[in-house]
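Written out below as structure tokens is the structure these notes cover.
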Amino acid sequence: MTKRSRPAPRAKPSRPRSTPPVAPAGGTTPPSIGEIPIPGASKGHPAIGVGLWALGRWGPEDEARTKATIARAYEHGFRWYDTAEVYGGGRSERLLGEVLERAAGGAPDAYVVTKVSWEHLRPAQVRASLVNSLERLGRASVDLYLVHGPDPHADLAATLGALEALWKEGKVGAIGVSNFSVEELEAAAKGLTEARIAVNQVRYNLLDRDDADPVREYCRTHQILLEAYTPLARGLLHGRYLDRRTPPSEVRQFAHRFFEPERLPELLERARRLRALAREADVPLASIALHWLAKQGAAPVVGMSQPEQVDSNLAAWAVRPPDDVLDRADAIARGDRA
Ligand SMILES: NC(=O)c1ccc[n+]([C@@H]2O[C@H](COP(=O)([O-])OP(=O)(O)OC[C@H]3O[C@@H](n4cnc5c(N)ncnc54)[C@H](OP(=O)(O)O)[C@@H]3O)[C@@H](O)[C@H]2O)c1
Numbered sequence: 108m109t110k111r112s113r114p115a116p117r118a119k120p121s122r123p124r125s126t127p128p129v130a131p132a133g134g135t136t137p138p139s140i141g142e143i144p145i146p147g148a149s150k151g152h153p154a155i156g157v158g159l160w161a162l163g164r165w166g167p168e169d170e171a172r173t174k175a176t177i178a179r180a181y182e183h184g185f186r187w188y189d190t191a192e193v194y195g196g197g198r199s200e201r202l203l204g205e206v207l208e209r210a211a212g213g214a215p216d217a218y219v220v221t222k223v224s225w226e227h228l229r230p231a232q233v234r235a236s237l238v239n240s241l242e243r244l245g246r247a248s249v250d251l252y253l254v255h256g257p258d259p260h261a262d263l264a265a266t267l268g269a270l271e272a273l274w275k276e277g278k279v280g281a282i283g284v285s286n287f288s289v290e291e292l293e294a295a296a297k298g299l300t301e302a303r304i305a306v307n308q309v310r311y312n313l314l315d316r317d318d319a320d321p322v323r324e325y326c327r328t329h330q331i332l333l334e335a336y337t338p339l340a341r342g343l344l345h346g347r348y349l350d351r352r353t354p355p356s357e358v359r360q361f362a363h364r365f366f367e368p369e370r371l372p373e374l375l376e377r378a379r380r381l382r383a384l385a386r387e388a389d390v391p392l393a394s395i396a397l398h399w400l401a402k403q404g405a406a407p408v409v410g411m412s413q414p415e416q417v418d419s420n421l422a423a424w425a426v427r428p429p430d431d432v433l434d435r436a437d438a439i440a441r442g443d444r445a
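Each residue of the sequence shown is one higher than the one before, starting from 108 at the first, in the working numbering.
Encoded structure:
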């Protein structure tokens, strides 16, 4: 990143002061969170983050709760916030911007990640999408800008070329993609001359892993960080739903992949065995789920919808289970019976 200009000064956001103040920031990413260096980027990537897809999931009447969740996350040391222009039609970005604006200095230590929709991959659209996202976020730049997903009809090299132009202007600190296959990663990289693909955000958790997945191997070889979304299997790997016969319909709707009728009994059985392992090791089940991902070199981005979930997930992250426990969890989740 030698030739790029520095990001412009923060834009002066103008929005109503309806959000409660957020406690002062503690400086850089707290040691309890940890950082992963990104080659060529000036800012380290926090090892665990807060996913804000859910902020588009509820109606405006839930805004106070979702703002309180972000505020709690920031106060307690979470710095990485994952959002997207499609989440809630921009509402997720707007709420994040409103909360961060109230933090000390506008939260310069936040690590803000947003995404351009798969419907906006033509170069001019990419630029317009980022401009709109920055406006909603009330920031002059984001730390990481991702292509939310590939469009088979788009020229991915041209799309990434547009991202690189924004990177050179300092409007984005690093560039990445999401849900890309090896072929799409290779096609996209052809559009870059100085920047590199820093991140591929993919669905990845103990119960949803293909151990022969070539994408992970490709990313490891090319030093592309895997951001793992749905790391808790929508709460299942936090121990939710394990004592019920059937998960609630809302969860089935959003997590149909986990709760397909034919897969559900086996997944619940594996999750219950993981919970038994966690109890035996005297660690939270979520500690196993999150640190198993970290052991694979991935950075989990956890969806949180309530302030209490922030506390509980931070507490889970603070406990690093021993390697032998993570190895046993790996075998259980794979379906080994031994
Ligand atoms: N790039 C992509 O295409 C893509 C796709 C999906 C997700 N993502 C990103 O990844 C983030 C996380 O993924 P996700 O939300 O699908 O899955 P997740 O992190 O596995 O699950 C999040 C859900 O688990 C429950 N949960 C979280 N912490 C909990 C706790 N401490 N105790 C009990 N339940 C807890 C909450 O459910 P309730 O809200 O029901 O309480 C929460 O909404 C998203 O927010 C988004 O930023 C990206």
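Even glycine gets a Cβ: it sits at the ideal position worked out from N, Cα and C. In this text the structure is predicted, and so the values were computed from the model without any measurement.
Check                                                                                                                                                                    : Outcome
What residue range does the beta strand (DSSP E) around Ser288 cover?                                                                                                    : Run containing Ser288: none; DSSP gives neither H nor E here.
Am I right that Glu192 and Ser236 are in contact with their C-beta atoms under 8 Å? What's the rounded C-beta distance?                                                  : 6 Å
Please confirm if the stretch 311-326 is in contact with the stretch 389-401, defined as three or more CB-CB distances below 8 Å between the two stretches.              : yes
So is the beta-carbon of Thr353 under 7 Å away from any non-hydrogen atom of ligand 1?                                                                                   : no
Quick check on the DSSP output: the alpha helix (DSSP H) that includes Ala264 runs from which residue to which?                                                          : 263-275
For ligand 1, is there any heavy atom lying closer than 7 Å to the beta carbon of Asn307?                                                                                : no
For Lys222, which residues of its own chain have a beta-carbon under 6 Å away from its beta-carbon, when the five flanking residues on both sides are left out?          : Ala191, Leu253, His255
Restricting to Cα atoms, I'd like to know which of Ser149, Ala296, Ser199 is closest to Ser412.                                                                          : Ser199
According to the neighbour-count rule (16 or more other Cβ atoms, all chains shown, within 10 Å of its Cβ), is Lys297 buried or exposed?                                 : exposed
What does the alpha-carbon distance come out to for the pair Pro429 and Leu384?                                                                                          : 12 Å
DSSP state of Leu375, grouped into three classes?                                                                                                                        : helix
Taking just the CA atoms, how far does Ala175 sit from Arg444?                                                                                                           : 43 Å
Could you check whether the Cβ of Gly410 sits closer than 8 Å to any Cβ belonging to chain C?                                                                            : No chain C appears in this structure, which consists of one protein chain only.
For Ala440, count neighbouring C-beta atoms within 10 Å of its own C-beta (all shown protein chains included) and say buried if the count is 16 or more, exposed if not. : buried
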